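A.B. asks: This note's numbering applies: residue 197 is where the sequence shown begins, and numbers increase by one. My questions all concern the structure below.
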Amino acid sequence: MTLPKNTPTLEALATKNWTHPDNMFCTDHTAQLFNQCYTEPSWRGPKTDHVPILSILELDAPKVTAIQSRNFRDIDWAKFQSTLEAKLTTIRIDHPIIAQDQFHDVAEKLTAAITNTIDEHVPLSRPCPHSKRWWSRDLTIMKKEVTKAAALSYQMRATPDHQSHEHHHILRNRY
Numbered sequence: 197m198t199l200p201k202n203t204p205t206l207e208a209l210a211t212k213n214w215t216h217p218d219n220m221f222c223t224d225h226t227a228q229l230f231n232q233c234y235t236e237p238s239w240r241g242p243k244t245d246h247v248p249i250l251s252i253l254e255l256d257a258p259k260v261t262a263i264q265s266r267n268f269r270d271i272d273w274a275k276f277q278s279t280l281e282a283k284l285t286t287i288r289i290d291h292p293i294i295a296q297d298q299f300h301d302v303a304e305k306l307t308a309a310i311t312n313t314i315d316e317h318v319p320l321s322r323p324c325p326h327s328k329r330w331w332s333r334d335l336t337i338m339k340k341e342v343t344k345a346a347a348l349s350y351q352m353r354a355t356p357d358h359q360s361h362e363h364h365h366i367l368r369n370r371y
């Protein structure tokens, strides 16, 4: 329900007459979205001529579902590489690939080896919608190193020539 026609929304400051300028526009499509629409004269601010118009809308806000994906940041790459090498050694190519069928067969075996290795070693992640997806485990380790170096540099603040200041500066710039 939209604001009824001829509802007074403006009081002229000089004459104190109430008017109803057409300042609320909506189409047939948007008119269906209004649950309530009314004026609230008691909320009118001091020295203002307009009355607040309060509208309650029925809007569908679809909830975004988090998609599970592979967390390639949290991998033991040495294990991943050794498993992939073991699976790739089982693919035998004794002669040059000439026919298209041979090419597709080798490509399928290669894809299966990589996919199976990913399934074994890359964990699934379901990130929080508010998480920092750019953050990695390496950054966590670097942050700890910088924090420790900063603490040591602060302890040695009385000796400006101490090596901890330079070490902290290098780590901070790398971080």
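Yeah, the Cβ is synthetic: ideal placement off N, Cα and C, and Gly gets one too. Just so it is clear, the structure is predicted and the values come from calculations on it, not from any experiment.
Once the 5 residues before and after Asn267 are set aside, which same chain residues still bring their CB inside 8 Å of it?
C.D. replies: Contacts found: Val318, Pro319, Leu320, Ser321.
A.B. asks: Would you kindly work out how many angstroms separate the C-alpha atoms of Lys344 and Phe276, rounded to a whole number?
C.D. replies: Using only the alpha carbons, I get a separation of about 32 Å.
A.B. asks: Consider the C-beta atom of His361 and the heavy atoms of the ligand PLP; say whether any pair is separated by less than 7 Å.
C.D. replies: As presented, the structure is devoid of all ligands, the ligand PLP included, so that no description of it is given.
A.B. asks: For Thr215 and Pro200, which I take to be in contact (beta-carbon distance under 8 Å), what is that distance rounded to the nearest angstrom?
C.D. replies: In fact, because the Cβ distance is near 15 Å, the residues do not count as touching under 8 Å.
A.B. asks: Return the bridge partner residues of Ile249 from the DSSP annotation.
C.D. replies: Ile249 is bridged to Thr235.
A.B. asks: What's the gap between the Cα of Ile289 and the Cα of Ile314?
C.D. replies: If you take the alpha carbons of Ile289 and Ile314, they lie about 23 Å apart.
A.B. asks: Note the first and the last residue of the continuous alpha helix (DSSP H) segment covering Trp273.
C.D. replies: Counting along the chain, the alpha helix (DSSP H) containing Trp273 begins and ends at 273-285.
A.B. asks: Does the beta-carbon distance from Glu236 to Pro217 come in below 8 Å?
C.D. replies: Contact flag unset, no.
A.B. asks: Would you call the CB atoms of Leu335 and Ala309 closer than 8 Å?
C.D. replies: Not in contact: Leu335 and Ala309 (Cβ atoms no closer than 8 Å).
A.B. asks: Helix, strand or coil for Ser332, going by three-state DSSP, please let me know.
C.D. replies: Ser332 falls in the coil class under three-state DSSP.
A.B. asks: Buried or exposed: which applies to Ser349, given that a residue is buried once 16 or more other Cβ atoms fall within 10 Å of its Cβ?
C.D. replies: That one is buried.
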